[in-house]
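Inspection log for the structure reproduced underneath, given as C-alpha cells.
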Amino acid sequence: MSTPTTTLLGGPTLPQQRSLVTAIPGPRSQELLARKASAVASGVAHTVPIEAVAAGGGVVVDADGNSLIDLGSGIAVTSVGNAHPAVVAAVQNAVAQMTHTCFMISPYESYVAVAERLNRLTPGDHAKKSALFNSGAEAVENAVKIARRFTGRQAVVAFDHAYHGRTNLTMALTAKSMPYKSGFGPFASEVYRAPASYPFRDGLSGAEAAAKAISLIEKQIGADNLAAVIIEPIQGEGGFIVPADGFLPAVVDWCRANGVVFIADEVQTGFARTGAMFASELFGIVPDLITTAKGIAGGMPLAAVTGRAEIMDATHAGGLGGTYGGNPVACAAAVASIDAFENDGLVGRATEIGEVLRARLDALQAADPRIGDVRGRGAMIAAEFVDPVTGAPDAALTSAVAKAAIAEGVIVLTCGTYGNVIRFLPPLSISDELLGEGLDVVAAALAAA
Ligand SMILES: *Cc1c(COP(=O)(O)O)cnc(C)c1O
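Here's what the structure looks like:
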C-alpha cells in the first residue's frame, strides 16, 4: 500500500512549489520501487526514483508528499500542463460516452476533428490529410509505409544522432546503439544513414553539411531508389541538435527535385514546444509528411501522420490503421489540448520560457567552461557538457549534475549521442518563479560537481 489515503487532485491548482519533506526517494517511493524491481522487466528503466501521484502546472508530487519542479514534461508530452482542466473534462466526457468502437469499424467525430486540426495547423497551405496511431514510433512506421507506397521505391534515409523510436523499423532508423538497439537486431533493411548538421561538433555551414549528406545519398543509394528522407527538425534524444541555417531547406529542395518524400519527425518538436506550432516553421520548410505524437493530447496516447493529400491517399483501403489508433478518449484529449495550445497562447509562452532558459544558461556557460554549448529553440533548450581542455564529451559530469538536481527536487533529463547533454523541456504551464528556482538548483548542482 503506497498510495495516500486522501485523493490528491492534479492540475494547475496543485501548490506550485518545490518542497522536500523526505530524502528522494522517500519511504513510500522506496516501497513502490522495490515492487517495481520484482514485478517490472528491468529493461524498463526510470530516471526519477519516486512514486508519482499527482502533477500539474510546473510540479510533480510524489507519494511521500515531496513536490518536485518538472523541467521534463514526461519527455515533452505534458506541454499544455499535466491534468490540464480542459483535457481532464474532455477525457471524462468522452470516456463516459464510449471507450472504443475501433475507428475502422464505426467512425466517430473526434478522430475527424483531430485530423482537421492537424491539417490546418501543420506547415503549408496545400491540401492535407491525416491518419492517427498510438505512438510516435507507430506514426514513423506508417509515414515510411505511405512514402514507399506513393513512390514505389524502398530506401529510406535517416541521419546521425536520429531518434525515431524502439519498434523494429524505427530501431533501424534510430542512430544510437546503446540502449536503443544493442542486441535487438536484425534490423529492417533498406535504411541508410547520412551525416547530420551538428554545428558545435562538425563546424560546417548548413550548405556544406547538406552537400555532404546529399553526396552520400546520391553515391550510396541513388535518388531513383529512395522513397523518403526522415529527419527531426531539431534532433531530440540525439542532443537537441539545431542544424546550421540552410541545411534543412537544402535537403528539402533536393528531395523535391528528386521525387523523394521529405518526412519531418516532429514527435518531440511539435505543438508549440519550440516557440512555433511546429519546428519546421522555424527553418522555413514545408515537409511532405509530418509525424506527431508526444505533446498532441496532453498525456493521452495518440500519434499522427499528416501530409500532402495525394501522398496520404496513395495507400489502398485497409492498408493503414490499427485496433486502437485514434481511440475516442485520446482524440477528445487531443482536441482539447490542441485548442488549449491556441487559446492559452502557448506558442508565445514557449518563446518566453526559452528566453528565461537561454539567459540563465548562457550566463552559466560564460562562467563555466565545462558548458561547451547552449542551444535549442523555445522551451526546448539544452546544455552540452565537455572537458574544458579537450572539448571531449563529459557524460559523467552530466549525469552527476542531473542526479544532484533530482535529489534536490528538480526533474531534469539527459540526452545526446555522447550522453553529455542536459535538456530542458518544462511544461508550458510552468511559472517563471518555478522555472527560475529549478535553474538555480541545476546551477548549484553544477557548481558542486
Ligand atoms: C519519442 C520520439 C519518437 C517515438 O515516440 P514513442 O511515442 O515513444 O513511440 C519518435 N520520434 C521522435 C523524434 C521522438 O522524440
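Under numbering that gives the first Met the number 0, the residue at position 204 of the sequence shown is numbered 203, and the numbers go up by one with no gaps. Heads up, the beta-carbon is just placed ideally off N, CA and C, and yes, glycines get one too.
Give me whichever residues DSSP pairs with residue i in a beta bridge.
i: Pro-392; result: Val-385
i: Lys-175; result: DSSP output for Lys-175 lists no bridge partner at all.
i: Tyr-323; result: DSSP lists no partner for Tyr-323.
i: Ser-129; result: Thr-305
i: Ala-263; result: Ile-230 and Ile-289
i: Met-379; result: Arg-376
i: Leu-412; result: Arg-422
i: Arg-369; result: Its beta-bridge partners do not exist; DSSP assigns none.
i: Ala-193; result: Phe-158
Can you give me the Cβ contacts of residue i inside the same chain, cut-off strictly under 7 Å, excluding the 5 residues immediately before and after it?
i: Thr-4; result: Residue confidence for Thr-4 is low, a pLDDT of 49 falling below 50, so the modelled location carries little weight; the figure read from the coordinates is stated next. Answer for Thr-4: no residue qualifies.
i: Thr-2; result: With a pLDDT of 49 at Thr-2, under the threshold of 50, the modelled position of this residue cannot be trusted, and the question is left open.
i: Ala-329; result: Ala-296, Met-299, Pro-300 and Leu-301
i: Asn-118; result: Lys-127, Lys-128, Ser-129 and Thr-305
i: Tyr-246; result: What sits at residue 246 in the sequence shown is Phe, not Tyr. If we look at Phe-246 and ignore the five residues flanking it on each side, its Cβ neighbours are Ser-196, Gly-205, Ala-208 and Ala-209.
i: Asn-141; result: Ala-130, Phe-132, Val-304 and Leu-319
i: Glu-309; result: none
i: Glu-280; result: Pro-122
i: Thr-46; result: Leu-412
i: Ala-249; result: Gly-205, Ala-206 and Ala-209
i: Leu-438; result: Arg-359
i: Ala-442; result: Leu-363
i: Gly-184; result: none
i: Pro-198; result: Ala-243
Going straight from the alpha carbon of residue i to that of residue j, what length do you get?
i: Val-59; j: Val-20; result: 14 Å
i: Ala-302; j: Ala-187; result: 22 Å
i: Leu-203; j: Phe-158; result: 16 Å
i: Val-373; j: Ala-381; result: 6 Å
i: Ala-399; j: Thr-413; result: 11 Å
i: Ala-214; j: Pro-11; result: Checking the sequence, you will find Ser at residue 214 rather than Ala. In a straight line, the C-alpha of Ser-214 is about 51 Å away from that of Pro-11.
i: Glu-432; j: Ala-378; result: 15 Å
i: Met-0; j: Trp-253; result: Only weak support is given to the placement of Met-0: the predicted model assigns it a pLDDT of 43, under 50, and the value that follows is read from those uncertain coordinates. The alpha-carbon atoms of Met-0 and Trp-253 are separated by roughly 59 Å.
i: Ala-313; j: Ala-136; result: 21 Å
i: Ala-208; j: Ile-23; result: 44 Å
i: Ala-446; j: Pro-425; result: 22 Å
i: Ala-332; j: Ala-75; result: 16 Å
i: Pro-286; j: Asn-65; result: 43 Å
i: Asn-342; j: Gly-205; result: 35 Å
i: Phe-277; j: Ala-271; result: 6 Å
i: Val-154; j: Val-190; result: One detail in the question is off: residue 154 reads as Ala in this sequence, not Val. When rounded, the distance between both Cα atoms is 6 Å.
i: Glu-231; j: Met-97; result: 35 Å
i: Gly-42; j: Leu-172; result: 20 Å
i: Ala-227; j: Ile-49; result: 41 Å
i: Pro-106; j: Asp-264; result: 27 Å
i: Ala-114; j: Pro-392; result: 42 Å
i: Ile-289; j: Gly-25; result: 42 Å
i: Arg-357; j: Ile-421; result: 13 Å
i: Lys-175; j: Gly-238; result: 11 Å
i: Val-476; j: Gly-435; result: Examination of residue 476 is not possible in this model, given that the chain is present from 0 through 448 alone.
i: Gly-325; j: Tyr-110; result: 6 Å
i: Val-90; j: Asp-386; result: 48 Å
i: Ser-72; j: Val-139; result: 22 Å
i: Gly-390; j: Ala-362; result: 19 Å
i: Gly-344; j: Leu-7; result: 28 Å
i: Pro-84; j: Lys-293; result: 18 Å
i: Ala-38; j: Ile-410; result: 25 Å
i: Arg-192; j: Thr-166; result: 17 Å
i: Val-156; j: Ile-284; result: 18 Å
i: Ala-459; j: Leu-396; result: Residue 459 is absent from the model: the chain starts at 0 and stops at 448.
i: Arg-307; j: Ala-54; result: 37 Å
i: Ala-44; j: Ser-18; result: 25 Å
Grab me the residues of residue i's own chain with a C-beta within less than 6 Å of its C-beta, minus the 5 sequence neighbours each way, in chain order.
i: Pro-14; result: none
i: Arg-116; result: Ile-337
i: Lys-180; result: Met-170
i: Ile-233; result: Val-241, Thr-268 and Ala-278
i: Asn-224; result: Arg-152 and Ala-154
i: Thr-350; result: Gly-274 and Gly-377
i: Thr-77; result: Gly-298 and Pro-426
i: Gln-364; result: Ile-370 and Val-373
i: Ile-405; result: Val-47
Between residue i and the rest of its own chain, which residues show a CB-CB distance below 8 Å, the 5 nearest in sequence each way excluded?
i: Gly-258; result: Thr-150 and Ala-222
i: Ser-430; result: Gln-15, Gly-56 and Gly-57
Requested in this report: Give every residue whose Cβ lies closer than 5 Å to any heavy atom of ligand 1, listed in chain order.
Outcome: This selection yields Ser-134, Gly-135, Ala-136, His-163, Gly-164, Glu-231, Gly-235, Asp-264, Val-266, Gln-267 and Ala-292.
Query raised in the report: Which ranges would you report for the beta strand (DSSP E) in the segment 0 to 71 if only whole runs of at least 3 residues count?
Result: DSSP runs (the beta strand (DSSP E)) wholly in the segment 0 to 71: 51 to 55, 58 to 61 and 66 to 69.
Query - Length-filtered (3 minimum) beta strand (DSSP E) runs lying within the segment 202 to 253 - result: When DSSP assignments are scanned along the segment 202 to 253, the uninterrupted stretches of beta strand (DSSP E) that are 3 or more residues long and fall wholly within it turn out to be 225 to 230.
Query raised in the report: In chain order, which continuous runs of the alpha helix (DSSP H) of length 4 or greater are located wholly inside the segment 91 to 129?
Result: Entirely contained in the segment 91 to 129, the alpha helix (DSSP H) runs reaching 4 residues are, in chain order, 108 to 120.
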